[in-house]
Amino acid sequence: MAFVKDMLRMWAHSWKRFISIAMITLLGVAVLTGIYAGCRDAFRSTDRFFDAQGLHDVQVLSTAGLSNGDIAALRKVNGVAKVQAERSQEVTFDLDGRKSATMQEIGTNGIDQPYLQEGRMPKKAGEIAVTRKFIRDSGKRIGNRLTVTPESASSDTSDTNDTNGADGTNETNGTDEAPSFPTELTIVGVVLDPQNLSNPDGYSAMTSFRSTATTDYTFFAPSDGVTGTLYTSATLLVKGAAAESTFDESYENTVKQVTDRIDGTVKTDRQKARRQELLDAGNKKIADARAEADKKFADAQSQIDANRQQFNQQVDQIVSMQAGAAAAGAAANGAAAGATTPQLDETTRETMRETIIAASPELTQAKQQLDQAQSQLNEQKASTEQTLKTKENELKTSIPQVRWYVQDRQSLGGFSALKSDLDSIQSLGNAFPIVFLLVAVMMSLTAMARMVEEDRSLIGTYVGLGYGRLAVASRYLLFALLACLIGGGLGLIAGFLGIPAFLLVVLQGMYVMPGLRLEYDWLYGSLGIALFVVGVLAATIYACVQEMRQTPAALMRPKAPRAGSRILLERIRPVWNRIGFLGKVTARNIFRFKSRLIMTVGGVAGCTALIVCGLAINDTVADLGIKQYRDIYQYDLMVVSDDSDASAMRTKVASDGRVTSSLDVRIESGDLTVAGNGDGDSGKAGSSGSESIQLVAVPEKHLSDLGEMVTLQPVSSGMLGTSGVGKTGSLKLDDDGVIVAQSAASALGVKAGSKVRLTNGDGVRATAKVSAVNRNLIGSDVYVSETYYAKLFDSKDAKNTKNSKSSEDSEALTWNAMLAKLSGSDTSQTDYAESLEEDSSVMKAVSCAHMADSFKFDLMGAVVALIVALAGGLALVVLFTLANTNVSERVREMATLKVLGFFDREVHHYVNREMMILTVMGVILGLPLGRLVGGMLTMALNMPSLYFEVEVKPLSYVIAAVATMAFALLVQLFVNPVLDRIDPISSLKSVE
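Residue numbering for the sequence shown follows the working numbering, starting at -5 and increasing by one per position.
Have a look at this one:
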């Protein structure tokens, strides 16, 4: 019992060490669990929301719309649980200028159901539910009315419907009609679109560089009042996908199996079948037109024939009358009795007919009219037949190839943005606790080693009395364990409640996540505490073993003072001779006690490095937009159009007179896949992933002009997240390979000479060689020459998907985009880009000035602020621990100084000067270490379409150094009273 009481008394006397170990464990566990828990809570709540609203796993789009036959084919795919055919229509309305919206039919099969936030769901024709963004921008409320104007259907679909329109399936025998929605609308509800969780009321309504919306708003309408048998898309739910977390790799693998099946057979077959349906419908329409024309021509011919028969009858009557009159005259002249009217032969009759017609102006005119009508009818027949034959010949070329686009949730801008944000934060949460753990072990070793050394004589006494070494060591092991458990418990509270609450507040400023709640992970929380318990106990065991290996007699005697030795500075006589007495004492105290030097400098350096690393990430993110859109992209404007509008787009831009120089290119959305074996075959084992890219084809005659629009700088991967950047202009695009953006290459491990699998906008795949990796921070551009593009995608597979054209036609590329430099200020360039988007020939216009100014990454900034605050707290605890350990080791020295006549202020200066010098040394070491750690973290932040080029501004170094020194000065305020309370008499008593 006396042993236990003495142990408790010893614990109470060492309360400062207890608090230090507990605080370090608290901070470490909080960092380890907090960021993880915040991301986990967001992942889980979002996954539950997606499952509840039935967010689609797969979406199928088609350039010619989808028919009932397409939907039926998708239902037969193995692994598909549900298929929902969806209809939508783009409309415009007046809201402080022309605005666009997508009228979306609310599905009846439970997929992509909007989440009701206010009011009720629409049920009748003319009722709609709108998003909160529309309510905020328009000022309208539930019950207000809105009139919209349908936009013309997309070029692909409308051309198809106008030319043909027959369904061609067994299910429908009519014609396919594009979806049509009511135009007089009433707002009855406010909803959240599950495909876009961006928060319009928050401080960051989605960053510009990841915005993929093609219209300003989305309106949801019931099926009542919607007409049209042509579907704009089909959404699918995959069997077993709901049981997986939508953010896990297992979910992606489950969905990929189904998308591969669709891409493998269904897609190709239905593309051909759909195009054949359109061809059959077009041929049927031509045949119907021919039959209708033939009927009209037959009716006209019958009318002409009837009129001509009537005309002939009249002439024949006149001929008969003249013939009878001639016969009567012959009889009167004495002809033989009983003579009859002579029978006229055909030649005589025809001669008489012509004579009679020529003699009568009326008959002549009537004959001319009949002949003219017959001639016109014959001409119309020939013209109509020629037109129909021309239509038949043009039908195959006028109907483009049908393209299916099979997409998963990654193609949703809101989903991919949320996932990339959380993944990046979770990467930071996995990296920073390592530094906290190392510092915790170092500080625990320092504190417990000093604690054991202070009880050296007592330990020897207990061992001499017969207590086992394990029993004696348990005094310190239980002390460290209790401190870890209490600190770890508080760390779990902060980690699963405090930090997640902070992160989720920031997240909710960016995204709307209904049903968000904080959850505790017993396994992860227990392992988090266990990790620090093991580290601290290991340090304590090491300290105990170091002391207890001696005999009890040796332990009960005072520890022999360290033998005096010269330090290196003493050997530099010119410097040493000019240092004062107290300076020499300080130098000896610093460099003679190596363990204290290493622990202090290492602890301060680690904390400073964490602060620098956090600030480095903040600086890196802040400069991403400027570097990309000001330095790398030298053009001011990118304009993209549909292939059919490319010429009109270029004419429009040229006529505005704002362009100083331009480069026509072709831009397609595609994919880049890397195989683990380096052959570019993504279908083989070892595939390391894929990345969505922007494929930029450059005309062969203007390859050299690309360097004037985009800064071409080759990069090579370095150690610890660094990269080597080559000379500007040293990189050229040629016909031997493609140039891959650094942001994509870093995420996939691509380098010059690698083989990759490229997928172009038509879904055609080809294996390409990477000739170089270009410096690029935002977006994943892949540049390819016109010749190499044709070589890659003009394969047999590509030809099978193209129209039957000549080889020259099949190789020609449509330059559907323009990179341009503009005159004027940044504001005028932004306004010009916005005005271009209102033109019907322009699909998208992007101003680099606007992108540079609007680029934000708010979530990363909030997490960096959290990490810097925690690193600052760790620095404060470390300095406090080291300062108290330093004082406890030198109590007799401080007492001697007081006896020698040193005043309290002089004692303060004597001790604090050593700590400040060690702190400065730690800061000097920690600043470059922080830059190094920041480079390492970029390796963990492989986000889609982003590369973090580490940037640390001089001000960040200053802030980190000043903050650490300020913490050191703050610690002095706590240490000075301890120095004042040292009693020289009791402290100098002999241990004997």
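Every residue, glycine too, gets a C-beta built ideally from N, C-alpha and C.
| query | Which of the three DSSP states, helix, strand or coil, is assigned to LYS127? | reply | In the sequence shown, residue 127 corresponds to position 133, counting from 1. Three-state result, LYS127: helix.
| task | Could you name the residues of the same chain whose beta carbon sits closer than 7 Å to that of GLN622, not counting the 5 residues immediately before and after it, in chain order? | result | In the sequence shown, the residue the question calls residue 622 occupies position 628. Cβ neighbours of GLN622 beyond the five flanking positions: LEU771, ILE772.
| task | Please confirm whether ILE687 and SER740 have their CB atoms less than 8 Å apart. | result | For the purposes of this step, residue 687 is taken as residue 693 along the sequence shown, with counting starting at 1. For the purposes of this step, residue 740 is taken as residue 746 along the sequence shown, with counting starting at 1. Cβ distance not < 8 Å, so ILE687 and SER740 don't count as in contact.
| request: Note down, in chain order, each residue of its chain lying with its Cβ closer than 6 Å to the Cβ of GLY674, except the 5 sequence neighbours on either side. | output: In the sequence shown, the residue the question calls residue 674 occupies position 680. With a pLDDT of 39 at GLY674, under the threshold of 50, the modelled position of that residue is not reliable, and no figure is offered here.
| N-terminal and C-terminal residue of the alpha helix (DSSP H) that ALA172 is part of | Within the sequence shown, the letter at position 178 stands for residue 172. Looking at the DSSP string, ALA172 is not in any alpha helix (DSSP H), and its letter there is neither H nor E.
| Which residues share a DSSP beta bridge with LYS76? | The count along the sequence shown starts at 1 and reaches residue 76 at position 82. The partner list for LYS76 (beta bridge, DSSP) reads LEU231.
| message | Could you compute how far the alpha carbon of GLU908 sits from the alpha carbon of THR580? | response | Residue 908 sits at position 914 when you count from the first residue of the sequence shown. Residue 580 sits at position 586 when you count from the first residue of the sequence shown. Between GLU908 and THR580, the C-alpha separation is close to 6 Å.
| query | Grouping DSSP H, G and I as helix and E and B as strand, with all else coil, what is GLY168? | reply | In the sequence shown, counting from the first residue as 1, residue 168 sits at position 174. At GLY168, the pLDDT of 41 sits below 50, so the modelled position is not reliable and the matter cannot be decided from this model.
| field | Neighbour-count burial assignment, MET542, 16 or more Cβ in a 10 Å radius | value | For the purposes of this step, residue 542 is taken as the residue at position 548 of the sequence shown. Buried.
| said: Please state the DSSP three-state secondary structure of PHE241. | reply: Translated into the one-based positions of the sequence shown, residue 241 becomes position 247. Reduced to three states, the DSSP call for PHE241 is coil.
| task | Buried or exposed for GLU802, please, with buried defined as at least 16 other CB atoms from any protein chain shown within 10 angstroms of its CB. | result | Reading the sequence shown from its first residue, position 808 is the one you call residue 802. Residue placement at GLU802 is flagged as unreliable, the pLDDT there being 37, under the threshold of 50; the coordinate-derived value follows with that caveat. By the 10 Å Cβ count, GLU802 comes out exposed.
| message | Taking the alpha carbon of LEU988 as the reference point, which residue from GLY120, VAL914, VAL232 has its own alpha carbon closest? | response | Residue 988 cannot be examined here, being either before or after the span of the chain that is shown, -5 to 986.
| Complete beta strand (DSSP E) runs within the stretch 866 to 923 (minimum length 3 residues, chain order) | none
| Closest Cα partner of LYS127 within the set GLY63, SER939, THR212 | Numbered from 1 along the sequence shown, position 133 holds the residue referred to as residue 127. Selected option, being the one with the closest Cα: THR212.
| Of the listed residues VAL734, GLY318, MET632, nearest to ALA843 (C-alpha basis) | As a position in the sequence shown, residue 843 is number 849, starting the count at 1. The shortest C-alpha separation from ALA843 is found at MET632.
| query | Which one of ARG660, MET643, LEU21 has the shortest CA to CA distance from SER829? | reply | In the sequence shown, counting from the first residue as 1, residue 829 sits at position 835. SER829 has its Cα closest to that of MET643, out of ARG660, MET643, LEU21.
| query | Rounded to a whole number of angstroms, what is the C-alpha to C-alpha distance between THR253 and GLN404? | reply | Counted from its first residue, the sequence shown places residue 253 at position 259. Counted from its first residue, the sequence shown places residue 404 at position 410. Between THR253 and GLN404, the alpha-carbon positions lie close to 13 Å from each other.
| query | Is ALA679 buried or exposed, if buried means 16 or more other CB atoms sit within 10 Å of its CB? | reply | In the sequence shown, counting from the first residue as 1, residue 679 sits at position 685. Low confidence applies here, because ALA679 scores a pLDDT of 34, under 50, leaving its location unreliable and the question unanswered by this model.
| If you draw a straight line from the C-alpha of ALA691 to the C-alpha of VAL758, how long is it? | Taking the sequence shown and counting its residues from 1, one reaches residue 691 at position 697. Taking the sequence shown and counting its residues from 1, one reaches residue 758 at position 764. Using only the alpha carbons, I get a separation of about 15 Å.
| task | Assign ASN190 to one of three DSSP states: helix, strand, or coil. | result | One-based indexing of the sequence shown puts residue 190 at position 196. ASN190 falls in the coil class under three-state DSSP.
| Given ASP639, which residues of its chain have a CB within under 7 Å of its CB, disregarding the five upstream and five downstream residues? | In the sequence shown, the residue the question calls residue 639 occupies position 645. So the qualifying residues of the chain are SER835.
| request: Please confirm whether ALA533 and VAL435 have their CB atoms less than 8 Å apart. | output: Position 539 of the sequence shown, counted from the first residue, corresponds to residue 533. Position 441 of the sequence shown, counted from the first residue, corresponds to residue 435. Yes, the pair counts as a contact, with Cβ atoms nearer than the cut-off.
| Element boundaries [beta strand (DSSP E), containing GLU84] | Position 90 of the sequence shown, counting from 1, holds the residue named residue 84. Where GLU84 is concerned, the enclosing beta strand (DSSP E) stretches over 82 to 88.
| task | Quick one: which unbroken beta strand (DSSP E) runs of 3-plus residues sit fully inside the stretch 564 to 641? Chain order, please. | result | Correct list: 631 to 634.
| request: Let me know the secondary structure DSSP gives THR440 once reduced to three states. | output: Your numbering for residue 440 matches position 446 in the sequence shown. Residue state, collapsed to three classes: helix.
| Rounded Cβ spacing between TYR470 and MET445 (contact assumed at less than 8 Å) | Position 476 of the sequence shown holds residue 470. Position 451 of the sequence shown holds residue 445. With 8 Å as the limit, TYR470 and MET445 qualify as a contact, their Cβ atoms being about 6 Å apart.
| Of the residues PRO144, LYS70, GLY895, PHE37, the one placed nearest THR96, counting alpha carbons only | Position 102 of the sequence shown holds residue 96. Measuring from the Cα of THR96, the nearest candidate turns out to be PRO144.
| CA-CA distance, THR705 and LEU725? | Taking the first residue of the sequence shown as position 1, residue 705 is located at position 711. Taking the first residue of the sequence shown as position 1, residue 725 is located at position 731. Going from the Cα of THR705 to the Cα of LEU725 covers about 9 Å.
| said: Residues in the same chain with beta-carbon distance under 6 Å from LYS799, minus the five sequence neighbours each way, listed in chain order, please. | reply: On the sequence shown, position 805 is the one that residue 799 refers to. Only weak support is given to the placement of LYS799: the predicted model assigns it a pLDDT of 38, under 50, and the question is left unresolved by the model.
| Cross-strand partners of TRP398 (DSSP beta bridge) | For this step, residue 398 is matched to residue 404 along the sequence shown. According to DSSP, which records beta bridges pairwise, TRP398 is partnered with SER56.
| query | Residues in its own chain within less than 6 Å of ILE620 by CB, not counting five upstream and five downstream? | reply | Residue numbering aside, residue 620 sits at position 626 when the sequence shown is read from its first letter. By the criterion of a C-beta distance shorter than 6 Å, ILE620 is surrounded in its chain by ALA846, once the five residues flanking it on both sides are discounted.
| field | Simplified DSSP assignment, three categories, for PHE214 | value | Numbered from 1 along the sequence shown, position 220 holds the residue referred to as residue 214. PHE214 falls in the strand class under three-state DSSP.
| said: Taking the alpha carbon of TYR904 as the reference point, which residue from GLY577, SER192, LEU21 has its own alpha carbon closest? | reply: Numbered from its first residue, the sequence shown carries residue 904 at position 910. Residue GLY577 is the option with its Cα nearest to TYR904.
| request: Locate the beta strand (DSSP E) running through MET812, then write down its first and last residues. | output: Here residue 812 refers to the residue found at position 818 of the sequence shown. Its beta strand (DSSP E) spans residues 811 to 816.
| Are the stretch 215 to 227 and the stretch 57 to 64 touching by the rule of at least three beta carbon pairs closer than 8 Å? | yes
| query | From the DSSP output, which residues share a beta bridge with LEU179? | reply | The sequence position of residue 179 within the sequence shown is 185, counting from 1. Bridge partners of LEU179: LEU140.
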